[in-house]
Structure formats: structure tokens, C-alpha cells
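Some notes on the structure that comes next.
Residue numbers (full-length UniProt numbering): 1 to 411.
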């Protein structure tokens, strides 16, 4: 299938999928935004009705329609409880793309984020600049003097993790019975290099050789979920070509992994073979962990935050707990027994800060109740959002990817 026809498929609104929704309302208690607003237009069935009206020409594009569709987290919690198996993720992506087609608009924030994340040269420049910005003390001065104000720039600054210089990852890969490829991701390369390095360390300890394709890039999630399917398809096609071998593709960030698994939604049939090779890093490690590989004991309380993409799309949430239970002496608790969305949701915590922080507040309350020493998250966006909230509230808890904790206990 050609790239152009793949993009056309991704851009068409799936009427048949929308018609599967009988508006029963069983999804309502599981929708984070509906729980906050109690507005039907902020529920899955309400948004599907709006998208059907837009597709049929009964509803015209408006600021209100934009707000209701953009307000969806794409957490996919509704899919897990839907008796009709409505593919809501496909619908909300298609609805946003349709909205852009009918009423083209410049999403400045998305375009700006896209520029810095999707280009390798821009990521390297940004990493170097941010490293200098943080190490020079300029960030600390601006934060304490509030010179950044309270707008979007200040918001972005508050979300920044500790940035590392863009040095090559130390890959200790060697010939082994098992070989895998590692998807680094654009945000991972810029803001989560320690997790990638820890992944290489743990895989090496398990005797697994790792290939890191140089041509890989952004997974396309940012564009796919904000109504730009053509751009998402180009980025996806680049990754399909970059990961040319038949090895398993591991993703440490569940947001990226979920998108990689759903490349058939973006590319059509040409993305199917690729998507079948994708695995969550923790799920893979659990399947390969040798019985005789001991971890150092840890007398700490560890709270697990399960990202929506890991739980609802990749179906790998249980693997994280099973892996961490291999650490002697550790006490493991769930940060949120309901596993509700933290509000990060890709770029959502930047573009929809008010709702994002309302959802995050519930996690921060539970953190104060549980008093964990470490909080575990398998997605960089969730980690950035949670860490920013912890800093604002003055809560002392370390935030780690599960592979980083395993690397630490391996020594």
C-alpha cells in the first residue's frame, strides 16, 4: 500500500465504528474528564455524538466543539469497559483530523513542540541549551524571581526534568542468543536519556544484544492524536524503514510503544508487520529474567503509577509489579487503586493545564497518604507531570522508570 493511500485511510472518518456506540453510558464512570465536569459533551458517548454530527454536517466547527474534542485525554479507559468494543481511540483521532479538515487552524503549541522534537538536530540543540540553562543557575534564578510569569513558558519550564548532554548512549551490546532493537523516542532522547542508558545496562546483564537504529525518530503520537495524520504517517514510515530487521522492538515509554503498536491505524496494512514486533520493555524483561539473577535488597516503599497507554493499549501493567517483586524486601503499593489518568496524556499537560492539574491533584493526595520513597512510572510524559507536581507541593519522593530501579539494584 502506498504512503498516500495509507494517509487517506487514516484521514477518513470511520462511520461504522461510531455507529457501534449505542450510548449506553457504561463508560461514564471510567472517563476522567466526565468525572470532573459532569458534562455529557466531555464523555466518550457525548464526544462520539459530536463527531457523528460533525461528519454528517449536522454540527459545524466551533470553539466549543474544539474544546470538547481537544479536552479528551485519549486515555482509552472507556474501551476497556465498552460492551460493544467501540474503538474509541480510532474515533477520537479521526474526529480531530476531520475537525482540522473542515476548519483548518494553526495549533501553535503543537507545531512548536513538533519542531523541537521531530528533528534530530533540533533535539541536540535543545538538549545542549537546556543543559546550560539548568547548570548555569539561570533556571533557578528565573523560578525564584518569577520572571517567567504564569503563562505557557513558565508551564513548560516547570515540567522540565534534569536534562543531560546529548552524548551517545553507551551500548555494551555483544553477540548473544537474543538480539533486540531499542526505540529511543524523541522525548526520551531529549529528556529521559538515563532511562535509555539503564535499559541498555539491564539488557546487557541479561546477555541480550541491543541495536539502536540511527535513522529512527519520533513515533508520530503527537501528530496522530492532535489531528495531523499525514505528518504522523511520514514519521511512522521513517521508523518502519529504520527498523528494517526482524528483531523485537522494545519501547521504554508506553506512550511511544502504544503508538508503535498501532501503526496499522496510521499506515494501514504496511504497518502491521512492524507493530507485531513491538513490546513494552518491562513485559519483555519479565519474560527473559533468569531465575538465578539476584537483585540487591531494598527496604523502601515503592508506589507504582500505571500509565493509561501501558494499561489500556499495551496491556502490560502487571509486568511492572511482577518485575519489581523480584527485589528482596521492597514494599510495593499502587499509587492509585483505580489507575486513573494523571493528566499528562502526551501534550495534554501543556495544552490543557487546568484539567491536567485537576487530575494530577488526586495522585498528589495519594502520595501524601502513602508516603512512598520511590514512585515508578513507565512513561516519560507521566513522569514529567508527576515530578513537576511533586516539586510544586514540596513532596520528597524519587521518581523512576522501573528499569532504572532494576539497574540500580543490579549494581
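Even glycine gets a Cβ: it sits at the ideal position worked out from N, Cα and C.
When burial is assigned at 16 or more other CB atoms within 10 Å of the CB, is residue i buried or exposed?
| i | result |
| --- | --- |
| residue 25 | exposed |
| residue 365 | exposed |
| residue 294 | exposed |
| residue 4 | Reliability of the predicted coordinates at residue 4 is poor, the pLDDT of 39 falling under 50, and no value is obtained from them. |
| residue 167 | exposed |
| residue 6 | Note that residue 6 scores a pLDDT of 39, beneath 50, so its modelled location is shaky and nothing firm can be said. |
| residue 1 | Low confidence applies to residue 1: its pLDDT is 35, below 50, so where it sits in the model is not reliable, and the reading given next is rough at best. Exposed, because fewer than 16 other Cβ atoms sit within 10 Å of the Cβ of residue 1. |
| residue 312 | buried |
| residue 292 | exposed |
| residue 108 | exposed |
| residue 104 | exposed |
| residue 305 | buried |
| residue 10 | With a pLDDT of only 43 at residue 10, under the threshold of 50, the placement of this residue in the model should not be trusted; the figure read from the coordinates follows. Burial call: buried. |
| residue 287 | exposed |
| residue 146 | exposed |
| residue 115 | exposed |
| residue 372 | buried |
| residue 259 | buried |
| residue 125 | exposed |
| residue 39 | exposed |
| residue 79 | buried |
| residue 239 | buried |
| residue 132 | exposed |
| residue 227 | buried |
Figure out for me which residue from the options has the closest Cα to the Cα of residue i.
| i | options | result |
| --- | --- | --- |
| residue 112 | 48, 206, 14, 222 | 222 |
| residue 235 | 326, 268, 217, 157 | 217 |
| residue 337 | 329, 362, 325 | 362 |
| residue 402 | 251, 344, 357, 231 | 251 |
| residue 330 | 298, 55, 224 | 298 |
| residue 47 | 80, 90, 391 | 90 |
| residue 165 | 77, 370, 154, 194 | 194 |
| residue 68 | 274, 96, 347 | 96 |
| residue 277 | 56, 268, 263, 288 | 263 |
| residue 385 | 318, 266, 307, 372 | 307 |
| residue 85 | 141, 20, 376 | 20 |
| residue 343 | 360, 333, 335 | 360 |
| residue 22 | 322, 52, 161, 128 | 52 |
| residue 324 | 185, 135, 405, 64 | 405 |
| residue 411 | 339, 380, 296 | 296 |
| residue 354 | 30, 136, 36, 27 | 36 |
| residue 274 | 249, 284, 285 | 249 |
| residue 380 | 370, 340, 186 | 186 |
If I follow the unbroken beta strand (DSSP E) through residue i, where does it start and stop?
| i | result |
| --- | --- |
| residue 364 | Note, residue 364: premise wrong, no beta strand (DSSP E); alpha helix (DSSP H) at 353–370. |
| residue 303 | 301–305 |
| residue 437 | Given a span of 1 to 411 for the chain in the structure shown, any question on residue 437 remains unanswerable. |
Which two residues bound the contiguous alpha helix (DSSP H) that contains residue i?
| i | result |
| --- | --- |
| residue 283 | 281–288 |
| residue 393 | 380–393 |
| residue 275 | 272–275 |
| residue 410 | 402–410 |
| residue 262 | That residue, residue 262, is in no alpha helix (DSSP H); it is neither H nor E in DSSP. |
| residue 292 | Per DSSP, residue 292 belongs to no alpha helix (DSSP H) and is neither H nor E. |
| residue 22 | Premise fails: residue 22 is in no alpha helix (DSSP H) and is neither H nor E. |
| residue 80 | 77–81 |
Give the C-beta separation of residue i and residue j to the nearest angstrom, bearing in mind that I take them to be a contact with Cβ-Cβ under 8 Å.
| i | j | result |
| --- | --- | --- |
| residue 72 | residue 92 | 5 Å |
| residue 310 | residue 254 | 4 Å |
| residue 206 | residue 328 | Not a contact, Cβ separation roughly 19 Å. |
| residue 179 | residue 209 | 5 Å |
| residue 70 | residue 358 | Not confirmed; about 16 Å, so no contact. |
| residue 399 | residue 383 | 6 Å |
| residue 282 | residue 316 | 6 Å |
| residue 302 | residue 374 | 5 Å |
| residue 395 | residue 368 | 7 Å |
| residue 117 | residue 123 | 7 Å |
| residue 200 | residue 170 | 7 Å |
| residue 15 | residue 55 | 7 Å |
Got a sec: does the ligand GTP put a non-hydrogen atom nearer than 6 Å to the Cβ of residue i?
| i | result |
| --- | --- |
| residue 76 | Annotation note on the ligand GTP: not contained in the displayed structure, which lists no ligands. |
Exercise. For the segment 312–339, which segments carrying the beta strand (DSSP E) assignment without a break, of at least 3 residues, lie completely within its bounds, in sequence order?
Worked result: 331–334
Exercise. Curious, which full-length alpha helix (DSSP H) runs of at least 4 residues does the segment 26–73 contain?
Worked result: 32–37, 44–56, 63–70
Problem set entry | Contained alpha helix (DSSP H) runs [length at least 4] in the segment 127–185, N- to C-terminal order | For secondary structure counted as the alpha helix (DSSP H) over 4 or more consecutive residues, the segment 127–185 holds these complete runs in sequence order: 138–145, 152–159.
Problem set entry | 4-residue-minimum alpha helix (DSSP H) runs that sit fully inside the segment 183–247, ordered along the chain | Look at the segment 183–247 and you find these whole runs of alpha helix (DSSP H), each 4 residues long or longer: 186–191, 193–205, 221–224, 229–242.
Exercise. Which ranges would you report for the alpha helix (DSSP H) in the segment 83–109 if only whole runs of at least 4 residues count?
Worked result: DSSP runs (the alpha helix (DSSP H)) wholly in the segment 83–109: 88–102.
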